[in-house]
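In my numbering, the protein residues as written are 2 to 954. Think of the CB as a built atom: it goes at the ideal place given N, C-alpha and C, for glycine as much as any other residue.
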């Protein structure tokens, strides 16, 4: 049997070579190599790296199927260990702050013992920064190629670190290559990859299947002679050009079609029995196994193992990689493992576990706890699996891997009733375990599971102070799940002893923060002041910080943006010093909102972007980072950067934030969709957001913006009942005036909905009377509502123009929006001013205003407004500003995105997955595209896009 040959990958090698050139000459580059299992992704990368210049440094890390639950950062540990070996531990330490002992040493013991205990999120930021610093430092004067294999198996922490690296690498000399199976992407990895491929320095390479001539070449090399044409045809047909299947079919010979496992095992079954025995043992370790570990598990000496494996290496079933052996393809390993009897699997897993207990150094540093947990679990040894999973959870916590910690704690809980003396084994009782598990769900974003665990903990806990702290955790989880959670906090305060001032300060600060969100402002301020006093007395920076954020919120609502941002900055400093990154990010959320409320949109964008980058570093991108993304999107919307706003929201939604945060993001999605003229998408987002917030949720900070998009959507869709309901909800909300920054835009939207209803009910006196009463109520609300800052002043000017209707009022509104730099509401006001000018007989003035509004709508991609302008122009016999579509096809930005994916052959479902919309909404977009292009099918649309060269890719 010949060695596998390499064919038909010239274009892919050229793409990798170009990425290498860019990394060397311009800046960091990233290539993601995706394709089906067996298509040759790893072989492609190996062929490329083998031909690199001698001064290039290549380090390889692979994700392990075994490590999905308990081995955080698996590919990075292997790659960074090799990198430290390449540059030397002394030089690596010299590159890092404190020699890496405060961050990366938690993963790489070669850097020394870690200096501190990792705080919640605190050490993770240092670890991420250390990885970035080491990678860029090692590339000084040469190119570093970081290869991360099998990303479809990447643990959550590795995914987050990969995103952090891609977004933060800045120096030349770094090329990152990742491989993944396109058919094995889960709902967590798919949006991550979709987001990464939108970055300008990321290139996607997707190797295609081999053609018939290439299959013939592989067969000739494999069989040692020219294959018969009929054999080539048969193998090409059955393999569909997949190189691994081509080789397996060649090994199987001219037999009848066999299941894939039989094809993959054909080469294995031709090995001598000692070779098969050791290969079976190797499969239990996963994709790769160290030589020393394999010796320990098999009980053979070094030379016996070498002799046994030589035939497998000769047949390219195993590949030597350093001091390890790796299966040439994961499918081969899977086939060998699945061919084992259940008893064999358990026996060999137990053998691996015993070997690692005897010598944890047989695997890479940091991996032993997770691998022990996996092996004892697979071996069916409940007691040892219980203890190992607890240790693995601690290791995941120390590595700042929140999701992995939560999964391991779930495993411990699942084994609690099956072991003797569980409290003695892990040093805590069931209540303590449940409490820790519930807390881990906060950072892992598993709110519903966390609430269940906290409730179980409360049933098991006896100490009042301990119960109070568990209630706080449950309240936090409930709120992120779309519920108020206030009752838990009040009960916690009732239970907490008066002497426990630190605990009471923490509970008061949390309750104050919650009440502020729920618009119970005065009580919130009083409690925050008391929490601040207790926090200062106890020297608790975290409590002080949370209280200051609540006080900053009040300052913002009072129009004191400078005071709010100053308090938020102080809160951030205190929280950072306490290692409380969740509150650091909450302070950033507050500062972003305060700046946005007074029209400082660019400053808000800057603060939000810094906060999002920090959230990624500390593993909270799907938590507070999602709220920062919502704030960033709002500011980008205000600046008229709708495409950017949409991308920010889509990326945050892809991180699977907790329900409440997802609802806030969907509210932004709906607002953007309405501006872009996509009411179906807006309706879907609104319905989902309402479902997520829950019928009993009362947080006005989030409900009022949702009410605004509900009202606008209903009015523009002709849903009069829905619009009336939204207007009545505002008029019936006596506490809404406490949030003028949120009520002003809602008020204007409600007036417009009533005006539209008036126009439709012109012949219905009864309906006209009801509408008039609603308008009177809205006018009275506007007179009571306070105005602070230029943005609220612009809304008031717009409201006055809505009620006045004269040209001067609309021109004043236009001027107000122009002053605060919000182009979308300015263009809407220009449209209304043009209509007023037309009614007054000023056709030239109407034309000028209409043209400016049209130009602005075109630049924003605001197709809904563009349509309104065209209707007004037609009615008034005016000329609107001509559309400025680059392709001349009249597609909206969203339709252009959909067409790009259709041209790549994506189905509606795949389009929906990549753009974070439903397949139904994708289908609506496709129908619109076909109508605009004048074609009858997706195939014709794709052909036309290629013919017109609309897309470079």
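- Counting the other Cβ atoms within 10 Å of the Cβ of residue 868 gives fewer than 16, which makes it exposed.
- Counting along the chain, residue 824 sits inside the alpha helix (DSSP H) bounded by residues 824–840.
- For residue 150, the secondary structure class from DSSP, reduced to helix, strand or coil, is strand.
- Going by beta carbons, residue 242 and residue 206 fall outside the 9 Å limit.
- For the pair residue 86 and residue 657, the Cα-to-Cα distance works out to about 37 Å.
- The straight-line gap separating the alpha-carbon atoms of residue 37 and residue 752 is approximately 55 Å.
- For residue 507, the enclosing alpha helix (DSSP H) stretches over residues 502–518.
- Contiguous alpha helix (DSSP H) elements confined to the region 715–777 occur at 721–733 and 741–761, taking only those with 4 or more residues.
- Residues 430 of the same chain have their beta carbon placed closer than 6 Å to that of residue 424, with the five preceding and five following residues left out of the count.
- DSSP places residue 182 within a strand segment (E or B) once states are collapsed to three.
- The way I'd put it, the region 317–336 doesn't touch the region 364–380; fewer than three beta-carbon pairs between them come closer than 8 Å.
- Spanning the alpha carbons of residue 286 and residue 935 requires a straight line of approximately 57 Å.
- Collapsing the DSSP output to three states places residue 326 in a strand.
- In this structure residue 145 does not touch residue 132 by the C-beta definition: roughly 12 Å separates them, more than the 8 Å allowed.
- Look at residue 89 here: in three-state DSSP terms it is coil, with no helix or strand label.
- In the three-state DSSP reduction, residue 204 falls in the strand class (E or B).
- Here residue 857 is buried, its C-beta having at least 16 other C-beta atoms within 10 Å.
- Between residue 602 and residue 640, the gap from beta carbon to beta carbon is short of 9 Å.
- By the Cβ neighbour-count rule, residue 940 is exposed, with fewer than 16 other Cβ atoms within 10 Å of its own.
- In the structure shown, residue 54 falls within a coil segment according to DSSP collapsed to helix, strand and coil.
- Taken in chain order, the complete beta strand (DSSP E) segments of 3 or more residues contained in the region 211–291 are 289–291.
- Distance from the CA atom of residue 638 to the CA atom of residue 646, rounded to whole angstroms, is 6 Å.
- For residue 397 and residue 165, the gap between their C-alpha atoms comes out near 19 Å.
- Around the beta-carbon of residue 545, 16 or more other beta-carbon atoms lie within 10 Å, marking it buried.
- Within the same chain, Cβ atoms closer than 6 Å to the Cβ of residue 573 are found at 585 and 588, the five residues on either side in sequence being excluded.
- For a cut-off of 8 Å, the C-beta gap from residue 795 to residue 814 is around 7 Å, short enough to register as a contact.
- A direct Cα-to-Cα measurement between residue 902 and residue 912 gives close to 6 Å.
- Here residue 219 is not near residue 364, since their CB atoms are 9 Å or more apart.
- For the pair of segments examined, the region 73–83 was found to touch the region 95–108: the number of CB pairs separated by less than 8 Å reaches three.
- CA-to-CA, the gap between residue 177 and residue 138 works out to about 15 Å.
- For residue 854 and residue 47, the gap between their C-alpha atoms comes out near 56 Å.
- A Cβ-Cβ distance of about 7 Å is found for the pair residue 172 and residue 29, placing them in contact under the 8 Å criterion.
- For residue 35, there is no enclosing alpha helix (DSSP H); the enclosing beta strand (DSSP E) covers residues 30–36.
- Contact between residue 508 and residue 548 does not hold, since their C-beta atoms are separated by about 12 Å, which reaches or exceeds 8 Å.
- Around the beta carbon of residue 938, a 10 Å sphere encloses fewer than 16 other beta carbons of the protein chains shown; the residue is thus reported as exposed.
- When C-alpha distances from residue 733 are compared across 276, 570 and 748, the shortest belongs to 748.
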